[in-house]
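**Q** Okay, so the sequence shown: first residue is 50 according to the numbering used here, each after it adds one.
No residue lacks a Cβ here, since even glycine has one placed at the ideal position from N, Cα and C.
Note that the structure is a prediction, hence the values are computed from the model and not measured.
Please see the structure below; I have some questions.
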Amino acid sequence: MTHDIDLSGVFPAMCTPFDENERIDFETLREDARRLEAAGVDGLVPVGSTGESATLSHDEHVEVVEAVVDAVDDVPVIAGSGSNNTREALELSERSAEVGADGLLLISPYYNKPEQRGLIEHYETIADAIDLPQIVYNVPSRTGRSIEPDTAVELAAHENIAGYKAASGDLGQIGEIAERTRDEEFAVLSGDDALTLPTISVGGTGTISVAANVEPERTCAMVGAALEGDYARARDLHHELGPLFRALFVETNPIPVKEAMEIRGYGPARLRSPLSRLSEEYRSDLEAVLADLEGGEAESTAVADGGREADR
């Protein structure tokens, strides 16, 4: 297929809200999807790592995707549908496609640590079976195995493999993949908020972002400026967001971002075991970071408006 999703811009890796009985809070989930769409994001990514996919049943997983698809009007929904079991990943991907997902995000198989040839077979099996744009997701800190540049380049040749989510922390590797896939219809997306700007600078197209759940407008402004070549503006926004980037990863994702969502009133901080609430020692720091960002919104808006007036 010709990829029918523009994989440039900001794609929040959505949280999955739970009620007091640890059931999925679908009303809050839909409200959150609509909030993010209204903020100007370029797509939504439910049931990834940030969406606690590891603690959802397969039925719940598909129900979350369907709820997000139904909630939004104009942005694509890219469903996390990966697994360490190729058959299971294929089933989740097929079911996500059936309920309307526009694309798929596929984490590399975790725990069993396949060789690179096994990764190629895994991804090509799913890409051969499902005619949707698919993003391979490299996060070796969670999976124990990196998707190497040669593997990414080989996968990029498949018509249904549309992109690579880079969460290795290795900017050299990320830049090499962007360089070697320049002639393919293939997007390289940051999976690490702190490296979004550097990733775009070496050829990346945007980000699948945790921070965008909390600061979607500012994240979109940063990425938009970078993609337009305005690196001075993008760098200023990167530095404004830097404390948030750090605060959201003081403990395992999505523990801090769910706390931030509750502080902002976007959803509950509840998590399913074995994840636990953010330690008290970090909560006050997170509150301070969020307060500083709220205080800076008026100033940033005034600066942006002044720039627009100057352009006229």
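For the alpha helix (DSSP H) that contains T268, what are its first and last residues?
**A** Indexing the sequence shown from 1 puts residue 268 at position 219. Residues 265-276.
**Q** Looking at the structure shown, is N187 part of a helix, part of a strand, or coil, going by DSSP?
**A** Counting from 1 along the sequence shown, the entry for residue 187 is found at position 138. Three-state DSSP puts N187 in a strand.
**Q** Helix, strand or coil for S258 per DSSP?
**A** Locating residue 258 in the sequence shown gives position 209, counting from the first residue. The answer is strand: DSSP assigns S258 an E or B state.
**Q** Rounded to the nearest angstrom, what separates G89 and R267 at their Cα positions?
**A** Taking the sequence shown and counting its residues from 1, one reaches residue 89 at position 40. Taking the sequence shown and counting its residues from 1, one reaches residue 267 at position 218. C-alpha separation (whole angstroms): 10 Å.
**Q** Helix, strand or coil for Y159 per DSSP?
**A** The residue you call residue 159 lines up with position 110 of the sequence shown. DSSP places Y159 in coil when its eight states are reduced to three.
**Q** Within its chain, find whatever has a CB closer than 6 Å to the CB of A347; leave out the 5 residues flanking it on each side and keep chain order.
**A** Locating residue 347 in the sequence shown gives position 298, counting from the first residue. Residue placement at A347 is flagged as unreliable, the pLDDT there being 45, under the threshold of 50; a coordinate-derived value is accordingly withheld.
**Q** Going by DSSP, what residue range makes up the alpha helix (DSSP H) through G129?
**A** By 1-based counting over the sequence shown, the position of residue 129 is 80. Here G129 belongs to no alpha helix (DSSP H); instead the beta strand (DSSP E) covers 127-129.
**Q** Check the DSSP bridge columns for V94 and list the partner residues they point to.
**A** Along the sequence shown, one-based indexing puts residue 94 at 45. For V94, which the question treats as bridged, DSSP gives the partners A62.
**Q** Identify every run of the beta strand (DSSP E) within the stretch 181-234, keeping only runs that are complete inside it and at least 3 residues long; order them along the chain.
**A** As far as the stretch 181-234 is concerned, its whole beta strand (DSSP E) runs of at least 3 residues are 183-187, 210-215.
**Q** For the 8 Å Cβ check, are there 3 or more pairs between the stretch 184-191 and the stretch 155-175?
**A** Touching, per the Cβ criterion.
**Q** Is it a yes or a no for the stretch 125-137 touching the stretch 90-106, going by three-plus beta-carbon pairs under 8 Å?
**A** Touching, yes.
**Q** I need the DSSP call for L154, collapsed to helix, strand or coil.
**A** Here residue 154 refers to the residue found at position 105 of the sequence shown. Looking at L154 - three-state DSSP - the assignment turns out to be strand.
**Q** Which two residues bound the contiguous beta strand (DSSP E) that contains A116?
**A** Residue numbering aside, residue 116 sits at position 67 when the sequence shown is read from its first letter. A116 -> not in any beta strand (DSSP E); alpha helix (DSSP H) instead, spanning 107-120.
**Q** So, are the CB atoms of P31 and D74 less than 8 Å apart?
**A** A question about residue 31 goes unanswered here, because the residues of the chain that appear run from 50 up to 361.
**Q** Taking C-alpha atoms, which residue in C269, D122, G224, G240 lies nearest to S250?
**A** As a working mapping, residue 250 is identified with position 201 in the sequence shown. Checked all of C269, D122, G224, G240; the closest Cα to S250 is G224.
**Q** Find out if the Cβ-Cβ distance for the pair Y159, R136 is shorter than 8 Å.
**A** As a first step, residue 159 must be located in the sequence shown, where it is residue number 110. As a first step, residue 136 must be located in the sequence shown, where it is residue number 87. Result no, Cβ atoms of Y159 and R136 do not sit closer than 8 Å.
**Q** Quick test of the definition: if touching needs 3 or more C-beta pairs under 8 Å, does the stretch 147-159 touch the stretch 112-126?
**A** Touching, per the Cβ criterion.
**Q** How many angstroms separate the CA atom of Y315 from the CA atom of R166?
**A** Here residue 315 refers to the residue found at position 266 when the sequence shown is read from its first residue. Here residue 166 refers to the residue found at position 117 when the sequence shown is read from its first residue. In a straight line, the C-alpha of Y315 is about 42 Å away from that of R166.
**Q** Give me the Cβ distance between A309 and L297, rounded to the nearest whole Å; I'm assuming they're in contact under 8 Å.
**A** Start at 1 with the first residue of the sequence shown, and residue 309 comes out as number 260. Start at 1 with the first residue of the sequence shown, and residue 297 comes out as number 248. 7 Å between Cβ atoms; contact.
**Q** Out of L286, I210, E233, S157, which has the shortest C-alpha to C-alpha gap to L244?
**A** Position 195 of the sequence shown, counting from 1, holds the residue named residue 244. If we check each option's Cα against that of L244, L286 comes out closest.
**Q** Could you name the residues of the same chain whose beta carbon sits closer than 7 Å to that of D334, not counting the 5 residues immediately before and after it, in chain order?
**A** Here residue 334 corresponds to residue number 285 of the sequence shown, with the count starting at 1. For D334, where only same-chain residues beyond five positions count, the Cβ hits under 7 Å are A296.
**Q** Compute the distance between the beta-carbons of A176 and I210, then report whether it is under 8 Å.
**A** For the purposes of this step, residue 176 is taken as residue 127 along the sequence shown, with counting starting at 1. For the purposes of this step, residue 210 is taken as residue 161 along the sequence shown, with counting starting at 1. Against a cut-off of 8 Å, the Cβ pair of I210 and A176 comes out as a contact.
**Q** Excluding sequence positions up to five away, which residues of its chain have a Cβ less than 8 Å from the Cβ of G252?
**A** As a working note, residue 252 is residue 203 in the sequence shown. So the list reads G224, A227, E228, R231, V237, once near-sequence residues are dropped.
**Q** May I ask you to report which of helix, strand or coil DSSP gives A318?
**A** Walking along the sequence shown from the start, residue 318 turns up at place 269. A318: coil per DSSP, three-state reduction.
**Q** Who are the near neighbours of F235 in its chain, counting only those whose CB is closer than 8 Å to its CB and skipping five residues on each side?
**A** The residue labelled residue 235 in the question sits at position 186 within the sequence shown. Excluding residues within five positions, the ones whose Cβ falls inside 8 Å are A205, I210, A211, G212, Y213.
**Q** Using the rule of at least 16 other Cβ atoms within 10 Å of the residue's Cβ for burial, across every protein chain shown, is N262 buried or exposed?
**A** In the sequence shown, counting from the first residue as 1, residue 262 sits at position 213. Buried, since its Cβ has 16 or more Cβ neighbours within 10 Å.
**Q** Whole angstroms is fine: what's the gap from P95's alpha carbon to E115's?
**A** If you number the sequence shown from 1, residue 95 lands on position 46. If you number the sequence shown from 1, residue 115 lands on position 66. So the alpha carbons of these two residues sit roughly 10 Å apart.
**Q** So E264 and L293 are supposed to be a Cβ contact under 8 Å. How far apart are they, rounded?
**A** Here residue 264 is taken as the residue at index 215 of the sequence shown, counted from 1. Here residue 293 is taken as the residue at index 244 of the sequence shown, counted from 1. 6 Å between Cβ atoms; contact.
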